[in-house]
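Asker:
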Amino acid sequence: MIRKLLVAVLGGAALAASPAFADIKIGTAGPLSNAEALFGTTWQNGMQLAINEANAAGGINGQKLVLVRQDDQGDPKQGTLLAQKFCDDDSILAVIANFNSGVTIPSSDVYNRCGLPQVTNSSNPKVTAAGYDNLFRPIANDFMQGGAPAAYALQTLGAKTTAIVHDKQAFGEGVATVFRQNFEKGGGKVTSYSGVTATDVDFSAVITQLKTENPDIVYYGGTMPGVGLFLKQLRDLGMKSTFFAADPAFLPDLITTAGPANAAGAIVSFQAPPYDANPKLVKFKGDYKKSFNEEPGPYSAYGYNEAAVIIEAMKRAGSGVTRETIVKELRKTKLDGLMGTVEFDDKGELKSPTLFLYKVKDNDFVLEWPKS
Amino acid sequence: MTGFLIQQLVNALTIGAIYALIALGYTMVYGVLRLINFAHSEMFMVGGHVAFFLLAATASLAGGPIGVLVMFAVFVATFVAVGLLGVGIEAAAYRPLRHASRLAPMLSALGVAIILQNVVMLFVSRRPLPFPPFLPAVSFKVFGAVVTLNQIFIVAFAVALMLALAWFVNTTTLGVKIRAVSENPQTAQLLGININMPISLIFFIGPGLGALAGTLYASYYGIVVFSMGFIVGLKAFIAAILGGIGSIPGAMLGGFMLGLLETFGAGLLPMLTHGLIGSEYRDVFAFSVLVLVLIFRPAGFLGEAVTEEGMVYKRDF
Amino acid sequence: MTLRFEGLTKRFGSLVAIDAVDLTFEPGKITSIIGPNGAGKSTLINMCAGSYKVTDGRILLDGVELQRLKKHQIAGHGVARTYQNIRLFDGMTVQQNLEVCLFSSYFGRTFAEVFVPGMSRRLKSERAALCRDALARFGLARFADALAADLSYGNQKLLEIARATMLEPKVLMLDEPAAGLNHGETDCLKETLRSLVPADRVVIIVEHDMSLVMTLSDHIFVLHQGRLLFEGTPAQVQANLAVQEAYLGSPGDVDDIRDAARSRANRVRLRADADIERRGLASV
Amino acid sequence: MAIVAAVVAALFHFVPGLPTYYVRVIDTVLIYLLLAIGLNMVVGYAGLLDLGFVAFYAIGAYSYAILASGQFGIHLPFGLILIIGGALAGVAGVLLGIPVLRLRGDYLAIVTLGFGEIVRLLMNNLVWMTNGPQGISRIDQPFLFGFALKTPRDFFLLLLPLVLVALMLAWRLECSILGLGWAAIREDQDAARGIGINTTLVKLLAFGLSATLGGFAGVIFAGFQRFVDPVSFGFWESLTIVLIIVIGGVGNLVGVVVGAAVLIIVPELLREYSEYRMLLYGCALVVMILVRPGGIVGRRYNPAWIIQKLGWR
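Chains as they are written, first to last, in this note's numbering: chain A, 1 to 372; chain B, 373 to 689; chain C, 690 to 973; chain D, 974 to 1286.
(1) Within the 9 angstroms Cβ cut-off, does V596(B) reach chain D?
(2) Run through chain B and tell me which residues come within less than 7 angstroms of S204(A), C-beta to C-beta.
(3) Can you tell which of M690(C), I723(C) and A709(C) has its C-alpha closest to the C-alpha of G921(C)?
(4) So the candidates are A198(A), G27(A) and C114(A); which of them puts its Cα closest to the Cα of L1094(D)?
(5) Have a look at I565(B) and I571(B) and give me their C-alpha separation to the nearest angstrom.
(6) Identify the contact partners of Y1249(D) in chain B, using a Cβ-Cβ distance below 9 angstroms as the criterion.
(7) L335(A) and A308(A) look like a contact to me (Cβ under 8 angstroms); what is the Cβ gap, rounded to whole Å?
(8) Per DSSP, V892(C) forms a beta bridge with which residues?
(9) Find the nearest neighbour of A1184(D) within the set G1025(D), A978(D) and V1223(D), judged by alpha-carbon distance.
(10) What do you get for L856(C), buried or exposed, if any count of 16 or more other CB atoms within 10 angstroms of its CB means buried?
(11) Taking its Cβ as the centre, do 16 or more other Cβ atoms sit within 10 Å of K168(A), making it buried, or is it exposed?
(12) Is the closest heavy atom of the ligand GTP to the C-beta of D711(C) under 8 angstroms?
(13) Please work out which residues of its chain come closer than 7 angstroms, Cβ to Cβ, to V943(C), disregarding the five sequence neighbours upstream and downstream, and give them in chain order.
(14) By the 10 Å Cβ neighbour count, where 16 or more other Cβ atoms means buried, how is F609(B) classified, buried or exposed?
(15) Among the candidates Q271(A), N182(A), L229(A) and F270(A), whose CA atom is the shortest distance from the CA of P382(A)?
(16) To be precise: take each residue of the segment 456 to 482 of chain B, compare its Cβ to all Cβ atoms of chain D, and keep it if any distance is under 7 angstroms. Which residues remain?
(17) Is it buried or exposed for N490(B), if we count other Cβ within 10 angstroms and need 16 for buried?
(18) Whose CA, out of T713(C), C790(C) and D864(C), lies closest to the CA of Y772(C)?
(19) Check K513(B) in the structure and name its three-state DSSP category.
(20) Give the residues from the segment 1065 to 1085 of chain D that approach chain B closer than 8 angstroms (Cβ to any Cβ), ordered along the chain.
(21) I want to know whether the segment 826 to 839 of chain C touches the segment 732 to 748 of chain C - three or more CB-CB distances under 8 angstroms.
(22) Determine whether the Cβ of E294(A) lies closer than 9 angstroms to any Cβ atom of chain B.
(23) If we ignore side chains and look at the alpha-carbon of each, how far apart do A129(A) and G348(A) end up?
(24) Taking Cβ positions only, does M855(C) come closer than 9 angstroms to chain D?
(25) Return the chain-ordered list of same chain residues with a C-beta closer than 7 angstroms to the C-beta of K351(A), the five sequence neighbours on each side being excluded.
(26) Can the beta-carbon of Q155(A) be found closer than 9 angstroms to that of D202(A)?
(27) Check the Cβ-Cβ distances between T42(A) and every residue of chain D, and say whether any is below 9 angstroms.
(28) Closest to A463(B) by CA distance: which of L1263(D), R1273(D) and R1250(D) is it?
(29) Give a yes or no on whether 9 angstroms exceeds the smallest Cβ distance from S107(A) to chain B.
(30) Mind listing the chain B neighbours of Q209(A)? Cutoff is C-beta to C-beta under 9 angstroms, in chain order.
(31) DSSP three-state call for D898(C): helix, strand or coil?
(32) I'd like to know if the segment 1010 to 1022 of chain D and the segment 1210 to 1230 of chain D are in contact, where contact means that at least 3 CB-CB pairs between them fall below 8 angstroms.
(33) Looking at the structure shown, is T1172(D) part of a helix, part of a strand, or coil, going by DSSP?
(34) Report yes or no: do the segment 466 to 485 of chain B and the segment 585 to 594 of chain B share at least 3 C-beta pairs separated by less than 8 angstroms?
(35) Just list the residues that DSSP pairs G30(A) with in beta bridges.
(36) Should A384(B) and G582(B) be called a contact, given that it needs their Cβ atoms to be closer than 9 angstroms?
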């Protein structure tokens, strides 16, 4: 009786989940229905693009690639549940998960237990702390993300003081902390280091406070729409300090939200060179617009890149493509990717992470650093 | 320093006005049905979106400030549209549950909130949409504080709406009916007042005001996004409680008070404690005040006192 | 064993509901408190039961000053009451309504009851046994497993009295027990009440139904505007003119008619109240 | 009796054989069931609406995270922390209970909501202790009686008996004189005082006991995930637990069990609809409530009914 019931209930899920046969599946889990839905969705769109291309080119030795898109709502509990779901599904050979560090850390335990190759988009240094050999991060971690801007601010801009604000989320606080450390190491002075609420829209109180400190730089560690609103109110309240933000802000919406005038001069860090820097990126941007008729999200390029890394590994694994072989091949990755060469060190971190700083100039992001 | 304080005061009043407008919706519904209407926050969000698309339709998104006429046309249309949505939701999701436990409608309201939010996310936009300012970005310097025309307008308009509502409820026949129903539904019913009509009316006005709040909010902060409802809604609800749930002037007072509390928590606490307590303690501060108020004056500031027995309006289940 | 009110006073703001009243209640007797509406009858009961704070004066039960105690402590000292408009535990069965009255005597054993195997069943049947004769005495046995809310109005009144007696009270206060009952119900109520007066129990009744009061009580206090107007046996009360002036307004036999009328009015009113309560106030 | 034993035996024998994902889902159901049993004591039995229950869950979880991780280099055994966490949560429950004794209905609900949020925000802000939004990761592998709790299966074998015991105790409590006292308070607090019930004491017991269960659940959750962060303890979690008991049938343990199963498994079944999932979930909620406002399981189908149907006393 109980048996029947369980089979009925849970079996339902299994059936719904069961794949069209003989496809190679790549799982991905990210926030699709909470406040971060924009990021999660555009990120996964990026992967979809890479996979479509691979399929157009004949797939992996004849087999079609399928992207299984799942919603973890940025919730660790659901992250681990999904991890288990992917682990149990033998047709899933690799995963791109997760988006939020807080989800990746617990889920990586699960993926590691079943030896499923995991490529993550979470930038928190802690993610790779466990040293799992099936976990890879083809993007720069927060050390890079927070470090480079500090160097730029001190050396290029000759800034002396900074006020740092973060949104009390794993990512925002993460990069803010690194920025703070580097800025102080470089001899700069941090006038204040304050947290706001991620869901906030009114920062006027904090900004009014910052005004009394009048720093050269204001660094905001957080995501959209917070960044845009913060920048807007910063200018509305008449603060002239140079504004810094991390890659979630690399989005046209930053300019629309803050208003072109307000946004002008803001510095945003991003890991890819300008979309017009090389033909790959031009094509990517074009294809993305074609397939999803909108501008790529800040993480679309990353998602594309992460998928590409896995597809490469699968290709190299050849006929005997299994989770194990993919892990082996991923380790040997040497891909000239969308955002530069991807190679992993023994911890699965990107060997030579790149970071670019963009300045907002008349409604667009213009490469500011490094000057090529 | 004075500049700093005045600036904070202005900030507080602006956000407070918006809280107050939303709080009205909560408090009116609660006054009559003793229902924590979790869906109200989404009325606010939907309102913002409706206004956005109305403006888009009137091609006023071209940028630059919008004519006053268009502006009020948009306000009225938004009010009506979302008001009707509210009435519909009440009829569909709450009315069938009137005779059920008190928790049931509260949770079905929760379900409605989830639905609205996801519908907007899936079928309207995941992206924050840029919302044009209604007024030119004029700003005045008052004792070193920056006050924008927009801020003045928001506070003035909100207050005007509240006064209008107060007048409506206190003097018109309909208003009196509403009050009767909220005082004591049974007696009202026994007196032969058809309680459905006043209730529907409340579910028209409440969401309507919420929608206007959403519009003001959108134009003030310059965006609308599907996820903007929940937190603001929760805050506004707290405002309603602070002022005295069920009391309309209470909601207004509560809104402005919460605005002040927050600005104080975020702006002054760090300064007074020399960064010992950072701005991240703002909400802790706000919630603590809420808890203390409720413990020592459960009726809030303007609500009429409640006895311990009076707090149980009806079996919870 | 006696219950004494000494200079008992209750003020609501400026209004003096009870004005320095001294009363003594004898055990083994039924004492009725009568008086026109607003005379302060119910206020006395509410003070004695701890529902109202005493403004001034003392309530002495075997030398214990009840007015100093919390409501549940007063009950613990053996003071039980019923309410003017029935207050049962609607969502619980009749059986449970009585069983829960054994709270104070069984609470100490809760831990054992939950954790010791078999204890749960033992204590439960023990309590059931204690409820059984109460159920029998009030003729509620066959409703034992029905929800209190589903009982007829009359039975609800009975259940409330039964609940009060479950506490084995030294003082039993009944607030308008006959209100809203028809004559048949009132008569059997009389019988039941008579059986509730062991030698060591003070029984206090507040009632409008004169026929009931006169036939049932051994002693009567007449309150008027918060003061004791007269006390004595039913005969003395009926004979006393002052009482008739103050309370009945006009002499003799008209009363029964008027009371009958009033009690019917009560019945209607209280039925309505009860119904509304049962439907739940917010059944808007 | 025999039948119950058989069912339990069947579960023990059958569930670990399922694919791990299903076991994990069931584990999640059991953890929420533990929470729901706890909350049901306050809401269902004593009629005190608590919207901040997640606070006790968080306290339990963070006790394990802090006392068994690199955070402070403290590494206490799981069993011990299970007790500590439960106790801490229980104390917190009573401490919350004291100031709100005079509050009921929505007023109580809002204060508890505020309390829950305050706890979450503190977890997010007291970085030195909780590591803030980064959360505490690499929490120790739990060991119990020398057995390592590694896989979802291990946790199932821990959780199932725990939940069964919790259910049994909760039921015995419901039938006990204390349970009746709670019911009396729920029905009419004043009358309850009138029959000699010390409402203060009885209410605090309700708060304390339920919070303790919440604490247990939290400790286990932390051991299960081996990572805690404030995100996992938001207002939404509290609502989910309330939903479980209301959808299932308030005050009825059978309902609570059903509710937990439904509210955890339904979203899992909706997984395949990826981003449409929450929309469907919302619709499901509204429909369920409209169709059965009193909860899926009717009042009369309580454990007593089952016991009787099983012909076991």
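No residue lacks a Cβ here, since even glycine has one placed at the ideal position from N, Cα and C. Since the structure is predicted, the reported quantities are computational estimates derived from the model, not experimental observations.
Answerer: In brief:
(1) no
(2) Result: N383.
(3) Cα-wise, what sits closest to G921(C) is I723(C).
(4) A198(A)
(5) Roughly 11 angstroms separates the two Cα atoms.
(6) N490 and L494
(7) Contact flag correct, Cβ pair sits at about 7 angstroms.
(8) I719(C) and L861(C)
(9) Nearest C-alpha to A1184(D): G1025(D).
(10) Buried is the call here.
(11) Per the 10 Å Cβ criterion, buried.
(12) The ligand GTP is absent from the structure shown, which contains no ligands of any kind.
(13) Caution applies to V943(C), whose pLDDT of 43 falls short of 50 and renders its modelled position unreliable; the model cannot decide the point.
(14) buried
(15) The structure shown does not extend to residue 382(A), since chain A is modelled only from 1 through 372, so no value can be given for it.
(16) A465, P468, L469, A472, S473, L475, A476, L479, S480 and L482
(17) Buried, by the Cβ-count rule.
(18) D864(C)
(19) strand
(20) P1072, V1073, R1075, L1076, R1077, G1078, D1079, Y1080, L1081, A1082, I1083 and V1084
(21) no
(22) yes
(23) 10 angstroms
(24) It does; some Cβ of chain D falls within 9 angstroms.
(25) Correct list, in chain order: E343, F344 and D345.
(26) No; because the gap between Cβ atoms is not below 9 angstroms, this pair is not in contact.
(27) no
(28) L1263(D)
(29) no
(30) F376, Q380, A638, G639, L640, P642, M643 and S651
(31) coil
(32) yes
(33) helix
(34) no
(35) D71(A)
(36) no
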